[in-house]
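The next block holds one structure in the form of structure tokens; read it before the comments.
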Amino acid sequence: DKGNHRHFMEKEISEQPEAISHVLDRYIDFASGTVRTGNSAIDFGDVAGLAISACGTAFLAGSIGRYWFEQYAGLPVEIDVASEFRYRQIPMSRKQAAFFISQSGETADTLASLNYCRQRGLKIGAIVNVTDSTIARAADTVFPILAGPEIGVASTKAFTCQLTVLACLAIAAGKARGTIDAFQERALVGHLAEIPRIMSAVLNDIQAQTFALARQLTGCKSVLYIGRGTSYPLAMEGALKLKEISYIHAEGYAAGELKHGPIALIDEHMPVIVIAPHDQFFDKTVSNMQEAAARGGRIILITDEAGAKASPIIPAAQIVLPNVDEIIAPMIFALPVQMLAYHTAVIMGMDVDQPRNLAKSVTVE
Ligand code: M6R
Numbered sequence: 244d245k246g247n248h249r250h251f252m253e254k255e256i257s258e259q260p261e262a263i264s265h266v267l268d269r270y271i272d273f274a275s276g277t278v279r280t281g282n283s284a285i286d287f288g289d290v291a292g293l294a295i296s297a298c299g300t301a302f303l304a305g306s307i308g309r310y311w312f313e314q315y316a317g318l319p320v321e322i323d324v325a326s327e328f329r330y331r332q333i334p335m336s337r338k339q340a341a342f343f344i345s346q347s348g349e350t351a352d353t354l355a356s357l358n359y360c361r362q363r364g365l366k367i368g369a370i371v372n373v374t375d376s377t378i379a380r381a382a383d384t385v386f387p388i389l390a391g392p393e394i395g396v397a398s399t400k401a402f403t404c405q406l407t408v409l410a411c412l413a414i415a416a417g418k419a420r421g422t423i424d425a426f427q428e429r430a431l432v433g434h435l436a437e438i439p440r441i442m443s444a445v446l447n448d449i450q451a452q453t454f455a456l457a458r459q460l461t462g463c464k465s466v467l468y469i470g471r472g473t474s475y476p477l478a479m480e481g482a483l484k485l486k487e488i489s490y491i492h493a494e495g496y497a498a499g500e501l502k503h504g505p506i507a508l509i510d511e512h513m514p515v516i517v518i519a520p521h522d523q524f525f526d527k528t529v530s531n532m533q534e535a536a537a538r539g540g541r542i543i544l545i546t547d548e549a550g551a552k553a554s555p556i557i558p559a560a561q562i563v564l565p566n567v568d569e570i571i572a573p574m575i576f577a578l579p580v581q582m583l584a585y586h587t588a589v590i591m592g593m594d595v596d597q598p599r600n601l602a603k604s605v606t607v608e
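UniProt numbering applies: residue 244 is where the sequence shown begins, and numbers increase by one.
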């Protein structure tokens, strides 16, 4: 039931604050300011590294998670899309743990990657929405993302719930490995606790603005998204979302890779969506933005208040979000990215919940 929403996608975007609250209730003990991962078969204190595999949006959530496991827990992460992971013959040791991320829990390639790791004796964690799915049943430990049913083919609330679970796991891993102390854990948990409130405010604030910007995207042949750090996989998620529901070609690129090829594409017909919270990468991303602007690219900057102040140029358009801690920036910045794609597709008259050629769950290779 879509309630009073036009599409499931719109409904599911709007459900994110509530869905994240459920994740937080499950994975955080607010009284002590600690993360709880339940009775997990995976002992982060005792693993040498992680292998992560998934497809599509779930893969991009995992790609953001990689930055967190490295930064907060000092854990090396091997990650690939499941259709490659399963065939790469990646050398593995029993000292690694493996995580498989899947909304449906039925994706064929992800399941095959899981079986590859299982045969090599790794402990298996499944980060899934559907907890009685095949992938969940095949795992040693299930980490539910508690998003509730996701009907729209374009994944939205599952993505931000996957991110929140991954952030909790990275904090738990850091704690178990002694790379973060109780004080840091409490601070990080405090930031996560802010997500639902900030999301609700942002969803309200950017409605009209993302609609207006989407009108500018409708006539475009191609759109480039760039970012650094966790904003790089988010750029890829933005491009994936736009192409799957609006059928506009889009690419997500590491901002630093622009000058190694894609900058050749840029002219006045090419919007460049720059995802740049005011983090350690901001100055570098902004200098890539200036390079794109100098070639006539139509810049749409998605930043925060501090970033808007610090930006040396006034971009053609910008979306300014509140300043947030870096660990929650991907969840908050996901909202304008999702809404831009949604409005663009709706204005173009596309069937956003059932885009052509796509299925919600990909159970064949
Ligand atoms: O059910 P899963 O999470 O395993 O599905 C993975 C992908 O098929 C899925 O995320 C797909 O990329 C979405 N349509 C993206 O919006």
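Virtual Cβ for every residue (Gly too), placed ideally from N, Cα, C.
- In this structure Phe287 is in contact with Ala419, their Cβ atoms being roughly 4 Å apart against a cut-off of 8 Å.
- If the five residues before and after Pro319 are omitted, its C-beta is found closer than 6 Å to the C-beta atoms of Gly292, all from its own chain and listed in chain order.
- Shortest gap from the CB of Leu406 to any heavy atom of the ligand M6R: 7 Å or more.
- Fully contained in the region 358-440 are the following beta strand (DSSP E) runs of length 3 or more, in chain order: 366-371, 384-387.
- One thing to note: Leu578 has its Cβ within 8 Å of the Cβ of Val445.
- Around the beta carbon of Val266, 16 or more other beta carbons sit within 10 angstroms, so the residue counts as buried.
- With a threshold of 7 Å, the Cβ atom of Cys463 does not count as near the ligand M6R, since no heavy atom of the ligand is closer than that.
- Exposure of Phe273 is indicated by the presence of fewer than 16 other C-beta atoms within 10 angstroms of its C-beta.
- Nearest neighbour of Lys254 by Cα position, chosen from Pro514, Ser604, Asp596, Thr277, turns out to be Asp596.
- Contact annotation, Leu564 with Leu456: C-beta distance approximately 14 Å; criterion of less than 8 Å not satisfied.
- For Glu569, there is no enclosing beta strand (DSSP E), since its DSSP letter is neither H nor E.
- Restricted to the region 257-309, the alpha helix (DSSP H) segments that are unbroken, complete and at least 4 residues in length are 259-270, listed in chain order.
- In this structure, the beta-carbon distance from Gly305 to Ile322 falls below 8 Å.
- Closer than 7 Å to some heavy atom of the ligand M6R: that describes the Cβ of Val605.
- Of the residues Ile545, Glu487, Ala551, the one whose Cα lies closest to the Cα of Met252 is Glu487.
- Classified as exposed, His503 has fewer than 16 neighbouring CB atoms from the shown chains inside 10 Å of its CB.
- Closer than 7 Å to some heavy atom of the ligand M6R: that does not describe the Cβ of Lys486.
- Restricting attention to Ile556, Thr277, Leu435, the CA atom closest to the CA of Ser530 is found in Ile556.
- Counting the other Cβ atoms within 10 Å of the Cβ of Asp244 gives fewer than 16, which makes it exposed.
- Relative to the ligand M6R, the beta carbon of Leu601 is positioned inside 7 Å of a heavy atom.
- Sequence-distant partners of Val567 (beyond 5 residues in either direction) whose C-beta falls short of 8 Å from its own C-beta, in its chain, are His434, Glu437, Ile441, Pro520, Asp547, Ile575.
- Pairing Gly246 with Glu258, the inter-Cα distance amounts to about 12 Å.
- In this structure, Gly368 sits near Asp383, with a CB-CB distance shorter than 8 Å.
- In this structure, the ligand M6R has a non-hydrogen atom nearer than 7 Å to the beta-carbon of Gly299.
- The C-beta distance from Lys603 to Val396 rounds to 5 Å, short enough to fall under 8 Å.
- Pro514: not part of any alpha helix (DSSP H); member of the beta strand (DSSP E) spanning 514-518, first to last residue.
- When C-beta atoms of the region 355-372 are compared with those of the region 329-339, three or more pairs fall below 8 Å, so the two segments count as touching.
- The ligand M6R never approaches Leu460 closely enough for any of its heavy atoms to be under 7 Å from the residue's Cβ.
- The continuous beta strand (DSSP E) containing Leu564 extends over residues 560-564.
- Tyr475 is not a Cβ neighbour of Ile516, given a cutoff of 8 Å.
- In this structure, Ala478 lies away from Ile506, with their beta-carbon atoms at least 8 Å apart.
- Taken through DSSP and simplified to helix, strand or coil, Leu508 comes out as helix.
- Rounded to the nearest whole angstrom, the C-alpha separation of Ala341 and Gly417 is 17 Å.
- In this structure, the beta-carbon distance from Cys411 to Leu389 does not fall below 8 Å.
- Taken atom to atom, the span from the alpha-carbon of Ser443 to that of Glu261 is near 9 Å.
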